[in-house]
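**Student:** Quick one: structure below, then a few questions.
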Amino acid sequence: MLTLDKVDCYYTGIQVLDNVTFSLNKGELVSILGRNGAGKTTTLKAIMGLVIPTSGSITLDGVVLSSLPAHEVPKQGVAFVPQGRRLFPMLSVRENLEMGQYVNDSGDGVLEWVLQLFPDLKNRLRQRAGTLSGGQQQMVAMARALCTQPRYLLLDEPSEGLMPILVERVLETVLELKQQDVGILLVEQKVDAALHISDRVLLLENGSIALETTPDVLAMDSDPLVRYVGIKR
Ligand SMILES: Nc1ncnc2c1ncn2[C@@H]1O[C@H](COP(=O)(O)OP(=O)(O)OP(=O)(O)O)[C@@H](O)[C@H]1O
Ligand SMILES: [Mg+2]
């Protein structure tokens with residue numbers, strides 16, 4: 002289980018996470034929703050050790066992630082697909098995927114598994130990542146994260162800029178990973194799509210968890226979505 006306990010984070014003296022506490026189980030899909038600037042990305046970065054909490058702790062099955070350097074976190078079985086993809090554009094698709102494989106010395110089996118999830122990449126292994134379409138780059142970013150064979154996957158707006166059919170593909174893949182017992186933390190602007198596949202939902206406002214709820218409860222009363230995400234109903 003991945004657990005955040007009373008996590009506070011600051012950027013240059015300004016508090017952006019305030020007492021953030023939640024946990025994520027294996028095989029569970031939890032969405033973090035909130036307005037722009039609410040602290041969603043910062044929450045994921047804190048888990049990855051890319052932002053250091055000033056107080057509180059982040060643990061994974063008893064291992065204190067928040068005391069590890071950032072490069073050690075993926076080795077504990079947590080992978081992150083950042084907002085905006087961040088591939089190595091001059092490297093081929095295969096080389097980008099190998100970057101993921103190196104992290105945990107994953108064997109070739111993992112590449113086969115990943116290419117099963119993203120069959121469209123099979124014919125593009127030699128293409129430079131920078132020349133792929135936006136949707137294809139998103140697939141590579143997810144595929145690269147999966148090459149580390151994570152037990153927990155953090156996705157920051159994976160459907161950003163994708164056409165609807167690809168959004169569906171990404172979300173289907175997320176569900177497939179969940180079925181393979183991967184715990185998933187999903188930040189997504191496409192609220193309905195996120196709610197459709199989530200087990201639980203965290204509503205973040207100004208760096209605090211304003212409400213922890215479920216899609217079923219929100220289906221009966223969408224007021225919290227209006228209030229914390231700014232959705233019009
Ligand atoms: N490197 C940084 N330096 C200073 N402030 C930052 C930095 N990164 C983020 N912030 C600020 O921290 C707050 C939370 O940012 P964060 O990126 O976590 O929001 P978010 O919920 O992911 O928003 P969005 O939906 O727009 O992606 C914002 O007010 C943002 O301006
Ligand atoms: Mg963000």
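So in the working numbering, the last one in the sequence shown is 234, and the numbering has no gaps at all. By construction, the Cβ of each residue, glycine as well, lies at the ideal position given by its N, Cα and C atoms.
Please indicate yes or no: does the CB of valine 188 lie closer than 8 Å to some heavy atom of ligand 1?
**Tutor:** At least one heavy atom of ligand 1 is nearer than 8 Å to the Cβ of valine 188, so yes.
**Student:** Where do the ends of the alpha helix (DSSP H) carrying glutamate 113 lie?
**Tutor:** From DSSP, the alpha helix (DSSP H) with glutamate 113 extends over 109–118.
**Student:** To the nearest angstrom, how far is it from the Cα of tyrosine 229 to the Cα of cysteine 10?
**Tutor:** If I take the Cα positions, the gap works out to 20 Å.
**Student:** Can you find the residues in the same chain that come closer than 6 Å, C-beta to C-beta, to serine 67, ignoring five residues on each side of it along the sequence?
**Tutor:** Same-chain partners within the cutoff: Pro54, Ser58 and Ile59.
**Student:** Starting from the Cα of glutamate 161, find the closest Cα among Gln190, Gly184, Leu154 and Val141 and give me that residue.
**Tutor:** Minimum Cα distance to glutamate 161 is reached at Gln190.
**Student:** Quick one: residues in its chain with C-beta nearer than 6 Å to the C-beta of glycine 135, no 5 flanking neighbours on either side, listed in chain order?
**Tutor:** Correct list, in chain order: Gly162.
**Student:** Is glycine 40 near valine 17, with beta carbons less than 9 Å apart?
**Tutor:** Yes, the pair counts as a contact, with Cβ atoms nearer than the cut-off.
**Student:** Taking buried to mean at least 16 other C-beta atoms within 10 Å of its own C-beta, is proline 159 buried or exposed?
**Tutor:** Buried: at least 16 other Cβ atoms inside 10 Å.
**Student:** Return the CA-CA distance between leucine 122 and lysine 76, expressed in angstroms with no decimal places.
**Tutor:** Their backbone Cα atoms lie some 25 Å apart in a straight line.
**Student:** Taking the beta carbon of aspartate 182 as the centre, do at least 16 other beta carbons fall within 10 Å, making it buried, or is it exposed?
**Tutor:** Aspartate 182 comes out exposed.
**Student:** Taking the CB atoms as reference points, tell me whether arginine 86 and valine 141 lie closer together than 9 Å.
**Tutor:** Yes, Cβ-Cβ distance for arginine 86 and valine 141 is below 9 Å.
**Student:** Taking the alpha-carbon of valine 218 as reference, which of Leu196, Gly231 and Gly131 has the nearest alpha-carbon?
**Tutor:** Minimum Cα distance to valine 218 is reached at Leu196.
**Student:** Just to confirm before moving on: does the CB-CB distance between leucine 45 and serine 24 stay below 9 Å?
**Tutor:** No. Outside cutoff.
**Student:** Go ahead and label lysine 233 buried or exposed: buried means 16 or more other beta carbons lie within 10 angstroms of its beta carbon, across all protein chains shown.
**Tutor:** When all chains shown are included, lysine 233 counts as exposed.
**Student:** Does the Cβ of aspartate 19 lie closer than 8 Å to at least one heavy atom of ligand 1?
**Tutor:** No.
**Student:** With DSSP as the reference, label glycine 231 as helix, strand or coil.
**Tutor:** Three-state result, glycine 231: coil.
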